[in-house]
Amino acid sequence: MTARAPDLRILVCGTADRGDDGAALAAISHVLPGLPEELRGRIEIKRCPMLDVTDLIAIGPGESCIVVDTVVGVEPGCVVTMSLDDLARRPAGVAPRSSHALSVDDALLIAEAVRGTLPAGTFVGIGGKWFGYGERFSRAVKAGLPTFGAAIRRSIEELLPVAR
Amino acid sequence: MGHGGDLRFQVENLTRVEGEGSLHLRVRDGVVEEAHLAIFEAPRYFEALVVGRTPDEVIDIVARICGICPVAYQMSAVHAFEDLFHVGVHPQVRALRRLLYCAEWIESHALHIYLLHAPDFLGYPSAVELARDHRELVAGGLRLKKAGNHLLSVLGGRPIHPVSVRVGGFSRMPDRAELDALRPSLEEALALSQATVDIVNGLEAPSFEREPRLVSLRHRGEYPLNDGRIASSDGVNLRPSDWGEAFHEVQVPWSNALQARAADGLPYLLGPSARVVLAGEQLHPLAREALARTGALESIRRNPYRSIVARAVELVHASAEALDIIDAYERPDAPAVPVTPRPGLAAWATEAPRGLLFHRYVVGDDGKVAAATIVPPTSQNQAAIEADLATFAPAVLDLPMGEATHRLEQLIRSYDPCISCATHFLDLRVERAT
Numbered sequence: 231m232t233a234r235a236p237d238l239r240i241l242v243c244g245t246a247d248r249g250d251d252g253a254a255l256a257a258i259s260h261v262l263p264g265l266p267e268e269l270r271g272r273i274e275i276k277r278c279p280m281l282d283v284t285d286l287i288a289i290g291p292g293e294s295c296i297v298v299d300t301v302v303g304v305e306p307g308c309v310v311t312m313s314l315d316d317l318a319r320r321p322a323g324v325a326p327r328s329s330h331a332l333s334v335d336d337a338l339l340i341a342e343a344v345r346g347t348l349p350a351g352t353f354v355g356i357g358g359k360w361f362g363y364g365e366r367f368s369r370a371v372k373a374g375l376p377t378f379g380a381a382i383r384r385s386i387e388e389l390l391p392v393a394r
Numbered sequence: 132m133g134h135g136g137d138l139r140f141q142v143e144n145l146t147r148v149e150g151e152g153s154l155h156l157r158v159r160d161g162v163v164e165e166a167h168l169a170i171f172e173a174p175r176y177f178e179a180l181v182v183g184r185t186p187d188e189v190i191d192i193v194a195r196i197c198g199i200c201p202v203a204y205q206m207s208a209v210h211a212f213e214d215l216f217h218v219g220v221h222p223q224v225r226a227l228r229r230l231l232y233c234a235e236w237i238e239s240h241a242l243h244i245y246l247l248h249a250p251d252f253l254g255y256p257s258a259v260e261l262a263r264d265h266r267e268l269v270a271g272g273l274r275l276k277k278a279g280n281h282l283l284s285v286l287g288g289r290p291i292h293p294v295s296v297r298v299g300g301f302s303r304m305p306d307r308a309e310l311d312a313l314r315p316s317l318e319e320a321l322a323l324s325q326a327t328v329d330i331v332n333g334l335e336a337p338s339f340e341r342e343p344r345l346v347s348l349r350h351r352g353e354y355p356l357n358d359g360r361i362a363s364s365d366g367v368n369l370r371p372s373d374w375g376e377a378f379h380e381v382q383v384p385w386s387n388a389l390q391a392r393a394a395d396g397l398p399y400l401l402g403p404s405a406r407v408v409l410a411g412e413q414l415h416p417l418a419r420e421a422l423a424r425t426g427a428l429e430s431i432r433r434n435p436y437r438s439i440v441a442r443a444v445e446l447v448h449a450s451a452e453a454l455d456i457i458d459a460y461e462r463p464d465a466p467a468v469p470v471t472p473r474p475g476l477a478a479w480a481t482e483a484p485r486g487l488l489f490h491r492y493v494v495g496d497d498g499k500v501a502a503a504t505i506v507p508p509t510s511q512n513q514a515a516i517e518a519d520l521a522t523f524a525p526a527v528l529d530l531p532m533g534e535a536t537h538r539l540e541q542l543i544r545s546y547d548p549c550i551s552c553a554t555h556f557l558d559l560r561v562e563r564a565t
């Protein structure tokens, strides 16, 4: 029996042991159990410490995608939601993570060039403040987690209408 | 613009290299009087951070110096401590460390060839534009890189900054089935690597030749990764712990990174070209065959732009050796042997993707590090890069600024510098004064 391909892939970025960088992992672990069974069965979760272009290329035709991550340059604890298309084409660009890793917009644009189109989907991020060693969150991110979770859930429901 | 009078040439932001730096050229009457690769990325103080730490802590800390070559930092450190503590590791541990290093070479070399360097040769400003016109080429490079990252995840616990290496062995050894599962992606990586050699050998390289002094490890039975003697094209032959007998670091006013020089004060070159030239006879037979097919050994030695071919040959080597190690793997009873720390001087050099990486630690009576010296390959290559820039620059000074900048950046990218490691990129400024 072949497993059914997911309808939605959620790429959960960040690492749990670096403070606010683990916010996406924490949020998704709260969102998933609250989803209807029917929705959960149509979702595949992939952990990716850093968003990798191959993860975006691997998204099949007809699949949607949500990228969830902690971001800098946003007020700590504040939640931002935007389409992957808008993220890839932000006029101001996206800050590079390392010159040995593609910036998020470059990763999206290379995925678009290789796939032919960008995966349809959404980016949901929360502003981070503290990225030191350990699993504790900054006060701002801790306070923002319920809003972050709600934004992720809203994106899932928008991309996976129940009456499908 | 003519060559008369004084010219100052400055590239403010070099792109597609790791870290932050700039290039400053001062030219008088067509002769480059100064070529400074200025590294202004802030010092990162890792050598101070490891003081007071145990060797196993040091191995995890130094991995953080670089997100692309953490294994190299772990390997130079772990070998240094094991040499001091007289630790003999299980042969399968030794083999698995080579496998871990192969993973790093694959992901690092694939990244550099396809995303950082190939756009230069094919006339694209970045990998994004390259991917639009050469979809399959970039997709193949990304699959190659992923094969390395995947291998690193299985052996090291995660795709960057692995956490499994410890003094005496590993914290955990994979089982046979885990390694067997890697075969398909590595078999594809080998085929992609062999194709890569042919692709990059066909790229037109700018005409530029010089006689470099080359330095790498050399081992009588294997291609250099973790072990061997420090050798040079002019006769250096040292234990990997004795780097300081033939080389030293100097501070230059325009760089936050120390530069390394040979005993005579002159520069030397590390990395894939040096290894292929000095140790090419130890390449895996499939890599030797690929190198022979190119007929490029001499141009690899003399023309820095041809380092892309050496890097591709090493991709073949790493992929082929990785498969061989997996085939021969037998999980040992214990992942590590017991270790008894002792005070003294721990020092070792291994071959990072960019070249020889030397570590030296003073271990105190309490078994903790009292002092550390880390000499990354980019620090060692800086002086050679500056010398090559000084030699090459006159050929491009009459070109429009944008074109000259591009040619000089391409030359710098040929060395795959990692400025974050060295301080741990390029901003070209040409100052033209009359």
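Protein sequence lines, in the order shown, are assigned to chains A and B.
Per our numbering, the first sequence runs over residues 231 to 394.
Per our numbering, the second sequence runs over residues 132 to 565.
We treat Cβ as the ideally placed atom computed from N, Cα and C, and that holds for glycine.
- Here DSSP, grouped into helix, strand and coil, assigns Met-206 (chain B) to helix.
- With respect to Arg-392 (chain B), Phe-378 (chain B) sits close: the two C-beta atoms are nearer than 8 Å.
- Within the same chain, Cβ atoms closer than 6 Å to the Cβ of Val-294 (chain B) are found at Gly-288, the five residues on either side in sequence being excluded.
- Each residue's CA atom was taken as its position, placing Val-162 (chain B) and Ala-418 (chain B) some 40 Å apart.
- Going by DSSP, Ser-284 (chain B) is part of the alpha helix (DSSP H) stretching over 266-287.
- At least 8 Å separates the CB of Val-304 (chain A) from every CB of chain B.
- Look at the beta carbons and you see the region 472-488 of chain B touching the region 202-218 of chain B: at least three pairs across the two are nearer than 8 Å.
- Within the model, the alpha-carbon separation for Ser-284 (chain B) versus Ser-302 (chain B) is close to 14 Å.
- Taking 7 Å as the upper bound on Cβ-Cβ separation, chain B lies near residues Asp-336, Leu-339, Ile-340, Ala-343, Val-344 of the region 335-351 of chain A.
- The region 189-199 of chain B and the region 448-463 of chain B do not touch, with fewer than three beta-carbon pairs separated by less than 8 Å.
- Counting of Cβ neighbours within 10 angstroms places Val-302 (chain A) among the exposed residues, the total staying below 16.
- Chain order gives the chain A residues near Ala-258 (chain B) as Leu-332, Asp-336, Ile-340, where near means a beta carbon separation below 8 Å.
- Your pair Leu-317 (chain A) and Val-334 (chain A) checks out as a contact, with CB atoms roughly 7 Å apart and the cut at 8 Å.
- Residues are counted here when their Cβ sits less than 8 Å from a Cβ of chain B; for the region 272-292 of chain A these are Pro-279, Met-280, Asp-282, Val-283, Thr-284, Ile-287, given in chain order.
- Going by DSSP, Ile-275 (chain A) is part of no alpha helix (DSSP H) but of the beta strand (DSSP E) stretching over 273-278.
- If you look at Ala-459 (chain B), you'll find it isn't in any beta strand (DSSP E); DSSP assigns it neither H nor E.
- Nearest to Leu-310 (chain B) by C-alpha distance, out of B:Leu-409, B:Ala-459, B:Val-182, B:Ile-190, is B:Ala-459.
- The C-alpha of Arg-351 (chain B) is placed about 44 Å away from the C-alpha of Cys-243 (chain A).
- Closest in alpha carbon position to Asp-365 (chain B), among B:Asp-373, B:Gly-375, B:Glu-342, B:Val-259, is B:Glu-342.
- With a contact defined as Cβ atoms closer than 8 Å, Val-408 (chain B) and Leu-345 (chain B) qualify at about 6 Å.
- Secondary structure at Gln-382 (chain B): coil, using DSSP grouped into helix, strand and coil.
- For Ala-270 (chain B), the neighbours in chain A by C-beta distance under 8 Å run, in chain order, Ile-287, Val-344.
- Taking 8 Å as the Cβ-Cβ cut-off, the region 280-314 of chain B approaches chain A at Asn-280, Arg-289, Pro-290, Ile-291, given in chain order.
- Beta-bridge analysis with DSSP links Trp-479 (chain B) to B:His-490.
- By the Cβ test, the region 507-514 of chain B is in contact with the region 380-392 of chain B, since at least three Cβ pairs between them sit closer than 8 Å.
- Take Phe-212 (chain B), set aside five residues on each side of it, and the residues of its chain with a beta-carbon closer than 6 Å to its own are Pro-186, Val-298, Ala-477, in chain order.
- Annotation for Ala-226 (chain B): Ile-456, Ala-459, Tyr-460 place their beta carbon closer than 8 Å to its own, counting only its chain and skipping 5 residues before and after.
- Taking the Cβ atoms as the reference, Ile-439 (chain B) lies roughly 5 Å from Val-331 (chain B), within the contact range of under 8 Å.
- Membership of His-167 (chain B) in the beta strand (DSSP E) is indicated by the continuous run 162-170.
- The Cβ of Leu-273 (chain B) sits closer than 8 Å to at least one Cβ of chain A.
- Cβ neighbours of Met-206 (chain B) within its own chain (closer than 7 Å, five residues either side excluded): Arg-228, Tyr-232, Asn-357, Thr-481.
- Residue environment for Leu-397 (chain B): exposed (fewer than 16 other C-beta atoms within 10 angstroms of its C-beta).
- The CB of Arg-263 (chain B) comes closer than 8 Å to the CB of Ala-343 in chain A, given here in chain order.
- Judged by their CB atoms, Ala-343 (chain A) and Arg-266 (chain B) are nearer to each other than the 8 Å cut-off.
- With contacts defined by Cβ atoms closer than 8 Å, Gly-307 (chain A) and Ala-254 (chain A) do not form a contacting pair.
- By the criterion of at least three beta-carbon pairs nearer than 8 Å, the region 315-332 of chain B is not in contact with the region 481-491 of chain B.
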